[in-house]
Amino acid sequence: MPFSAQPPASGERYALSASLDNARHLSSLLRAVHFQDHATCLATASGLRVTVEDAKCIQANAFIQAEIFQEFSVQEESVMFRISLSVLLDCLTIFGTSSLPGTSTALRMCYRGYGYPLMLFLEEGGVVTVCKINTQEPDELLDFDFCSTKVVNKIILQSEGLREAFAELDMTSEVLQITMSPDKPYFRLSTFGNAGSAHLDYPRDSDLMEAFHCNQTQTNRYKISLLKPSTKALALSCKVSIRTDAQGFLSLQYMIRNEDGQICFVEYYCCPDENISEAEL
Amino acid sequence: LSRIGDELYLEPTERGLSLRAVNSSRSAFASFLFAPLFFQLYEPGSAGPDTEVFRCKVHMKSFLGIFRSLPSLEKSVGKCLILLKPRASRLVLQLHCKYGVTKTHNLAFQECEQLQAVFDTQRCASRLCAPARVLAEAVVHFPPTLAEVTLGTGPGGKISLRNYVEDEAEPSKTMVTELWLAEDEFQSVAVAPGSNITFCLKEFRGLLSFAEASNLPLTIHFDEPGRPVIFTLDDTVLEVHLVLATLSDLESTSQSPSTNGVSHLPAQSDDFADDLESYMVAMETSEVGSEGPPSPTFPLRTPRSAESKLEEEEEEEEEGAVPGTPPHKKFRSLFFGSVMTPGRPGQATTQEVLAEDSDGE
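Chains as they are written, first to last, in full-length UniProt numbering: chain A, 1 to 281; chain B, 1 to 361.
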């Protein structure tokens, strides 16, 4: 069907329609969860949630609240579709990824409904690009059943302290072991690589520690390859909350402040790796 | 040190912590000795008359990985604790960082024999001392890919540096770069005129950047072609030695017994590499530990030399370098003191094999 370069007139019934003055507010968040090609988008009145999963063990969600958008309307109760995240990101950054001060790409997003492609209208400096991305049947998403009542241990750290650690994780180690305890070592990240083991300890009274609520000593191991992508979210964030439940499921929540000072969240959920013994080095 | 070898040898001694490396063809050796005063705390552990000094080696990459980013280290690390735990087979490096964060690395190590090149700066006929900057500025004129460079002494006390061109290279296709440094650029010059030596530039560059960064003058001790060139850096808390083999001048007629002891061996030739066995036999049957003219070929640990080792202030022990099995470039490998027998001092046996691989093959 033919489509004009003009965005649709308001009044037309779109399942989802949104406008954003600065597409970077969306693209940077989506990059923080881009470790798989495809993502599931869920739009509700509260905003947009983009979910990426891998190996049935890890799930990442990027939340962009309705308030971030200049205009955000969802006709039905919720709208859900699967889309290529790689293509979506390429389109959002079609005018380039470097951020010159003062310039930004404006975005208008429209989705007619089930079976229709997602339409993007991007404008920068008077140049308009129209993108049409096919959508698919949404996948069933994992439910980690992680709620605040089930949390055993929780800490909130300033991201600054973890950034370098995550970037320099020994990737020859298969696992990342996380120890949280009311006693020493309080919070410890460990790897067991080819060169030997490495432990990173954060004391509970560190300046980086914003909140420390550990009730039980827990040591859990997670596949490092699954958690490594969270480094991107960590790099963008100012704070991170790390929580575990009784089964050792891990929740990482990153608070991200965008260029305009608005807050968004990205979270990662990960299952513990069951193939190894609990022996801690 | 990583420019030289893949393994880092650590030896804690009463005199300080020694870090060493050797290259695979054993034609380059370097050692950094950090005196106890360099550290806030230095406890080498008890090494009585019965216990051997504990030595180990670790993979260079593993060790360097801990100190990955220098700028961030400077910003965030307060102090570093190094513990050698023989019983746990671990070398522990603990970095105490900002915000109370502690990074502990437990590296696996391998026990090893002592790595010690045999050389003696006193026996070198020539010596030059210059600020590292002068040499760095000279070396910058040579392409980064250049393998060997020739250092020579010319008329009027001038020192030359030129790239080494192999004989087989076509004259019309090769570019020769030569530069001369005046005597006054050096802090001291005490050289035998007309001498020149060719050595590997890559390993030298590594030391040069360290010297520049630490702002220390570099001293070059050299002798005839074929004998090792020794670069030293001296500081109150640090002693650095880089020993490089030099290209031997096979056509030189200066192979007289008084200068380089090679006369005890079968005629030097390129078949040397193939004839290691007969070479070894020749070593064993020749006069050993003789008190005659300097016999650098047999720096066995005789009682005499063991004593002089304790007397000498510097790290160098025995004398000279033995023409070893040269790599294809005709560089001689440096002699590494025999490390076979634990009760070394005082043992001078004719059965000692020379140029033994320090971890035993």
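We put the CB at the ideal spot given by N, CA and C, even for glycine.
Applying the 10 Å Cβ sphere with the 16-neighbour rule, what's the burial state of Phe67 of chain B?
For this step, residue 67 of chain B is matched to residue 67 along the second sequence. Burial check for Phe67 of chain B: the Cβ neighbour count within 10 Å stays below 16, so the residue is exposed.
Which residues in the same chain as Leu64 of chain B place their Cβ atom closer than 8 Å to its Cβ, once the five residues preceding and following it in sequence are excluded?
Walking along the second sequence from the start, residue 64 of chain B turns up at place 64. Non-local C-beta neighbours of Leu64 of chain B in its own chain, meaning closer than 8 Å and more than five positions away in sequence, comprise Ser2, ordered along the chain.
In chain order, what residues of the same chain have a beta carbon less than 7 Å from the beta carbon of Gly8 of chain B, not counting five sequence neighbours either side?
Indexing the second sequence from 1 puts residue 8 of chain B at position 8. Checking the displayed sequence, the identity of residue 8 of chain B turns out to be Leu instead of Gly. Within the same chain, Leu1, Leu19, Ala21, Lys57, Val58, Met60 and Phe63 come within 7 Å of Leu8 of chain B by CB-CB distance, once the 5 residues on both sides are set aside.
Can you pull the chain B residues whose beta carbon is under 7 Å from the beta carbon of Glu164 of chain A, in chain order?
As a working note, residue 164 of chain A is residue 164 in the first sequence. Residues of chain B passing the Cβ test: Ser72.
What are the complete beta strand (DSSP E) segments, minimum 3 residues, inside the stretch 93–134 of chain B?
Runs of the beta strand (DSSP E) inside the stretch 93–134 of chain B: 102–108 and 126–131.
8 Å Cβ shell around Thr236 of chain B - same chain, five flanking residues per side excluded:
Counting from 1 along the second sequence, the entry for residue 236 of chain B is found at position 236. Hits under 8 Å: Ala35 and Leu37.
Under 8 Å, Cβ to Cβ, is there at least one residue of chain A near Leu201 of chain B?
In the second sequence, counting from the first residue as 1, residue 201 of chain B sits at position 201. Leu201 of chain B does not count as touching chain A.
Grab the span of the alpha helix (DSSP H) containing Glu203 of chain B for me, first residue to last.
Indexing the second sequence from 1 puts residue 203 of chain B at position 203. Its alpha helix (DSSP H) spans residues Leu201 to Ser214.
Between Ser73 of chain A and Leu42 of chain A, is the Cβ-Cβ spacing less than 8 Å?
In the first sequence, counting from the first residue as 1, residue 73 of chain A sits at position 73. In the first sequence, counting from the first residue as 1, residue 42 of chain A sits at position 42. Contact flag unset, no.
Using three-state DSSP, classify His141 of chain B as helix, strand or coil.
Locating residue 141 of chain B in the second sequence gives position 141, counting from the first residue. Under the three-state reduction of DSSP, His141 of chain B is assigned to coil, being neither helix nor strand.
Can you list, in chain order, the residues of its chain whose CB lies under 7 Å from that of Thr231 of chain A, leaving out five sequence neighbours each side?
If you number the first sequence from 1, residue 231 of chain A lands on position 231. If we look at Thr231 of chain A and ignore the five residues flanking it on each side, its Cβ neighbours are Phe166 and Ala167.
Report yes if the CB atom of Thr174 of chain B is closer than 8 Å to the CB atom of His141 of chain B, and no otherwise.
Walking along the second sequence from the start, residue 174 of chain B turns up at place 174. Walking along the second sequence from the start, residue 141 of chain B turns up at place 141. Contact: no.
Give me the residue from B:Arg162, B:Lys158, B:Leu216 and B:Pro131 with the minimum Cα distance to Ala147 of chain B.
Against the second sequence, residue 147 of chain B aligns to sequence position 147. Minimum Cα distance to Ala147 of chain B is reached at B:Arg162.
Between Asp273 of chain A and Phe249 of chain A, what straight-line distance do the alpha-carbon atoms span, to the nearest angstrom?
On the first sequence, position 273 is the one that residue 273 of chain A refers to. On the first sequence, position 249 is the one that residue 249 of chain A refers to. Their Cα atoms are separated by approximately 10 Å.
Straight-line CA distance for Met133 of chain B to Ala213 of chain B?
Working through the second sequence from its first residue, we reach residue 133 of chain B at position 133. Working through the second sequence from its first residue, we reach residue 213 of chain B at position 213. Per the sequence shown, residue 133 of chain B should be read as Arg rather than Met. The alpha-carbon atoms of Arg133 of chain B and Ala213 of chain B are separated by roughly 9 Å.
For Gly115 of chain A, which three-state DSSP category applies?
As a working mapping, residue 115 of chain A is identified with position 115 in the first sequence. It is coil, neither helix nor strand.
Option nearest Phe119 of chain B by Cα separation, candidates B:Asp249, B:Gly5, B:Ile230 and B:Val240:
Locating residue 119 of chain B in the second sequence gives position 119, counting from the first residue. Checking every option, the nearest Cα to that of Phe119 of chain B belongs to B:Ile230.
For Leu141 of chain A, which three-state DSSP category applies?
Position 141 of the first sequence, counting from 1, holds the residue named residue 141 of chain A. Note: Leu141 of chain A maps to coil in three-state DSSP.
For Val92 of chain B, which residues in the same chain have their Cβ closer than 8 Å to its Cβ, ignoring the five residues on either side in sequence?
Within the second sequence, residue 92 of chain B is the residue found at index 92, counting from 1. So the list reads Leu81, Ile82, Leu83, Leu84, Lys85, Thr104, His105, Asn106 and Leu107, once near-sequence residues are dropped.
Partners in chain A for Tyr42 of chain B, counting only beta-carbon separations shorter than 9 Å:
Counting from 1 along the second sequence, the entry for residue 42 of chain B is found at position 42. None at all; the shortest Cβ gap to chain A is about 23 Å.
Contact the stretch 128–140 of chain A vs the stretch 90–103 of chain A: 3+ CB pairs below 8 Å
By the C-beta criterion, the stretch 128–140 of chain A is judged to be in contact with the stretch 90–103 of chain A, since at least 3 inter-stretch pairs fall below 8 Å.
Residues that Leu169 of chain A contacts on chain B, provided the C-beta gap is smaller than 9 Å:
Reading the first sequence from its first residue, position 169 is the one you call residue 169 of chain A. Taking the beta carbon of Leu169 of chain A as reference, no residue of chain B falls within 9 Å; the closest one sits roughly 11 Å away.
Quick one: which unbroken beta strand (DSSP E) runs of 3-plus residues sit fully inside the stretch 30–70 of chain B? Chain order, please.
The stretch 30–70 of chain B contains these whole beta strand (DSSP E) runs: 56–59.
Distance, Cα to Cα, Gln40 of chain B vs Asn215 of chain B?
In the second sequence, residue 40 of chain B corresponds to position 40, counting from 1. In the second sequence, residue 215 of chain B corresponds to position 215, counting from 1. Taking the straight line joining both Cα atoms gives about 22 Å.
From which residue to which residue does the beta strand (DSSP E) around Leu29 of chain A run?
By 1-based counting over the first sequence, the position of residue 29 of chain A is 29. Counting along the chain, Leu29 of chain A falls outside any beta strand (DSSP E), though it belongs to the alpha helix (DSSP H) covering Arg24 to Arg31.
8 Å Cβ cutoff, His59 of chain B in contact with chain A:
As a first step, residue 59 of chain B is located in the second sequence; it is residue number 59 there, counting from the start. For His59 of chain B, the answer is yes, since a Cβ of chain A falls inside 8 Å of its Cβ.
Do you know offhand how far Gly102 of chain A's Cα is from Ala23 of chain A's?
The count along the first sequence starts at 1 and reaches residue 102 of chain A at position 102. The count along the first sequence starts at 1 and reaches residue 23 of chain A at position 23. Between Gly102 of chain A and Ala23 of chain A, the alpha-carbon positions lie close to 13 Å from each other.
In chain A, what lies closer than 9 Å to Val101 of chain B by C-beta?
Locating residue 101 of chain B in the second sequence gives position 101, counting from the first residue. Below the 9 Å Cβ cutoff, chain A contributes Gly161, Ala165, Leu200, Asp201, Tyr202, Pro203, Ser206 and Leu208 as neighbours of Val101 of chain B, in chain order.
Close-in-space but distant-in-sequence residues of the same chain around Ala66 of chain A (CB under 7 Å, 5 per side omitted):
Counting from one through the first sequence, the residue named residue 66 of chain A turns up at place 66. The answer, listed in chain order, is Ala45, Ser46, Gly47 and Phe72.
State buried or exposed for Gln262 of chain A, treating a residue as buried only when at least 16 other CB atoms are found within 10 Å of its CB.
Taking the first residue of the first sequence as 1, we reach residue 262 of chain A at position 262. With fewer than 16 Cβ atoms within 10 Å of its Cβ, Gln262 of chain A is classed as exposed.
In this structure, what does DSSP give as the bridge partners for Gly152 of chain B?
For the purposes of this step, residue 152 of chain B is identified with residue 152 of the second sequence, where counting begins at 1. The partner list for Gly152 of chain B (beta bridge, DSSP) reads B:Ser160 and B:Asn196.
Let's test the definition: count the other Cβ atoms within 10 Å of the Cβ of His221 of chain B and tell me whether it reaches 16, buried, or not, exposed.
Taking the second sequence and counting its residues from 1, the one referred to as residue 221 of chain B is at position 221. Note on His221 of chain B: 16 or more other CB atoms within 10 angstroms of its CB, so buried under the neighbour-count rule.
Beta-carbon spacing of Ser197 of chain A, Ser190 of chain A below 8 Å:
Counting from one through the first sequence, the residue named residue 197 of chain A turns up at place 197. Counting from one through the first sequence, the residue named residue 190 of chain A turns up at place 190. Yes; because the gap between Cβ atoms is below 8 Å, this pair is in contact.
Contacting residues, own chain, Cβ-Cβ under 7 Å from Glu291 of chain B (five flanking each side not counted)
Counting from one through the second sequence, the residue named residue 291 of chain B turns up at place 291. At Glu291 of chain B, the pLDDT of 35 sits below 50, so the modelled position is not reliable; the number obtained from the coordinates is stated separately. Excluding five sequence positions before and after Glu291 of chain B, none of the CB atoms of its chain fall closer than 7 Å to its own CB.
State yes or no: is the C-beta of Asp37 of chain A within less than 8 Å of the C-beta of Gln70 of chain A?
Numbered from its first residue, the first sequence carries residue 37 of chain A at position 37. Numbered from its first residue, the first sequence carries residue 70 of chain A at position 70. Taking C-beta atoms as the reference points, Asp37 of chain A and Gln70 of chain A fail to come closer than 8 Å.
Please go through the same chain and pick out, in chain order, the residues whose beta-carbon is closer than 6 Å to the beta-carbon of Gly5 of chain B, but skip the five residues on each side of it.
Looking up residue 5 of chain B in the second sequence gives position 5. Same-chain partners within the cutoff: Ala21, Val22 and Asn23.
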